[in-house]
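As you go down the protein sequences, you meet chains A and B in turn. Residues in the first sequence are numbered from 336 upward in steps of one, following this note's numbering. Residues in the second sequence are numbered from -18 upward in steps of one, following this note's numbering.
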Amino acid sequence: MTLTRDEAAKAIAEMETAQRRSSVLARYSAGGPILMIWGVEWFICNLVSQYGGSAANWIWPVATVVTIGLTFWMSRGRGAVPARKSWKAFGTSAAIAGFFFGLFTVLKLTDMHAVNAVISLAVAGAYVVVGIWTGARYAWLGAALFLAIMLGWIAFPQVFYLWMALVGGGALFLGGFWLRKA
Amino acid sequence: MAQADEIIHQSVRLKIMSALAAPDACEPIEFARLKAIAGATDGNLGAHLVTLEGAGYIDIHKDFVGKKPRTRASATAAGRAAFRDHVAYLRGVLDGL
């Protein structure tokens, strides 16, 4: 069997497209369950913030540390974050946490609704950026999350935590389910 | 110079092998995902998987997740080698070797 240059070029293009598609779908599948656990974390923590009184003071740091731990455990060797790069992902998380600590200190931001909204909007924005570079589904999910957060902030300020629990956490959970099915 | 592999060269089979024999492919890939990658129908994909399995290029794994049947495929060592050779042939043609 002998192929012409055009046939070979077409075959290579098909092969590269298939490999790109395969990588994107693998990333979706690996990232989906992680988004789902963050959806559960948002749901629980926001619900406690709305109705749990002082428990809101400790639920966020505890649940966030637990969820970050679960994220690394689920990511290792599953394609979401290659094992050899997990320390970079950990460093990235620490840098982001440090950035927000600095940001809120400089802005003297003590309204916990605003803190919640800013962090959540940053997460949504990050998904849009990740989606632009790695797979459109992340971008759609980030955009939907961004709009949902803004709608909750503008239209339902009295029940913002409840909104974030149901709509924010729900969007992450369902979005993760959508990715996992890829 | 490497030779063209007639089994792998067919468009759907090339896409299947591209996914299964990619350097970063370390786990079997599910039927539904292969369908999305290859852009094939159930029947079409099934037939091409059987052809690749018959050539010894892939293994097909059938099991159950709960009560749901699951079909996955992975490249064999022979399949990875044949795919590498076929890609080398294609690049050779492009480079005019």
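Ideal Cβ placement from N, Cα and C applies to all residues, glycine included.
Proximal residues to residue i (C-beta, below 6 Å), its chain only, five neighbours per side dropped
i             : result
residue 42/B  : 9 and 53
residue 336/A : none
residue 456/A : 484
residue 385/A : 496 and 497
residue 321/A : Because residue 321/A is not part of the residues shown, which for chain A are 336 to 517, the question remains open.
residue -7/B  : 19, 21 and 29
residue 16/B  : 26
residue 505/A : none
residue -2/B  : -11 and 64
Buried versus exposed, by CB contacts within 10 Å (16 or more), residue i
i             : result
residue 429/A : exposed
residue 498/A : buried
residue 434/A : exposed
residue 376/A : buried
residue 77/B  : exposed
residue 353/A : buried
residue 451/A : buried
residue 461/A : exposed
residue 389/A : exposed
Anticipated Cβ contact below 8 Å, residue i with residue j, distance rounded
i             : j             : result
residue 474/A : residue 466/A : 3 Å
residue 371/A : residue 512/A : 6 Å
residue 507/A : residue 374/A : 3 Å
residue 0/B   : residue 18/B  : 5 Å
residue 55/B  : residue 40/B  : 5 Å
residue 340/A : residue 75/B  : 6 Å
residue 2/B   : residue 61/B  : 5 Å
residue 517/A : residue 360/A : 5 Å
residue 509/A : residue 367/A : Not confirmed; about 10 Å, so no contact.
residue 478/A : residue 463/A : 6 Å
residue 395/A : residue 380/A : 5 Å
residue 346/A : residue 71/B  : 5 Å
residue 469/A : residue 362/A : 6 Å
Residue i: contacting residues in chain B (beta-carbon distance under 7 Å)
i             : result
residue 518/A : Summary: the structure shown does not reach residue 518/A, with chain A confined to residues 336 through 517, and so no result is reported for it.
Chain B residues whose Cβ lies nearer than 9 Å to that of residue i
i             : result
residue 370/A : What residue 370/A touches in chain B: nothing, since even the nearest Cβ is about 18 Å away.
residue 360/A : 0, 10, 14, 17 and 18
Cβ shell of residue i (< 8 Å), same chain only, five flanking positions each side left out
i             : result
residue 57/B  : 37, 38, 39 and 40
residue 350/A : none
Beta-carbon neighbours of residue i, restricted to chain A and to distances below 7 Å
i            : result
residue 74/B : 338, 340 and 343
residue -4/B : 349 and 353
Contacts that residue i makes with chain B (C-beta to C-beta distance below 8 Å)
i             : result
residue 357/A : -1, 0, 3, 6, 10, 14 and 18
Chain-ordered chain A contacts of residue i [CB-CB under 9 Å]
i            : result
residue 71/B : 338, 342, 343, 344, 346, 347 and 350
Contacts of residue i in chain A (Cβ-Cβ under 8 Å)
i             : result
residue -13/B : 336
residue -10/B : 336, 338 and 346
7 Å Cβ shell around residue i - same chain, five flanking residues per side excluded
i             : result
residue 405/A : 372
residue 400/A : none
Residues of the stretch 341 to 355 of chain A whose Cβ lies closer than 7 Å to any Cβ of chain B, in chain order: 343, 344, 346, 347, 349, 350, 353 and 354
Near-chain E residues of the stretch 386 to 404 of chain A (beta-carbon distance less than 7 Å), N- to C-terminal order: Given the protein chain composition of this structure (A and B), no chain E is represented.
Under 9 Å (Cβ pairs) to chain B, residues found in the stretch 490 to 517 of chain A: 516 and 517
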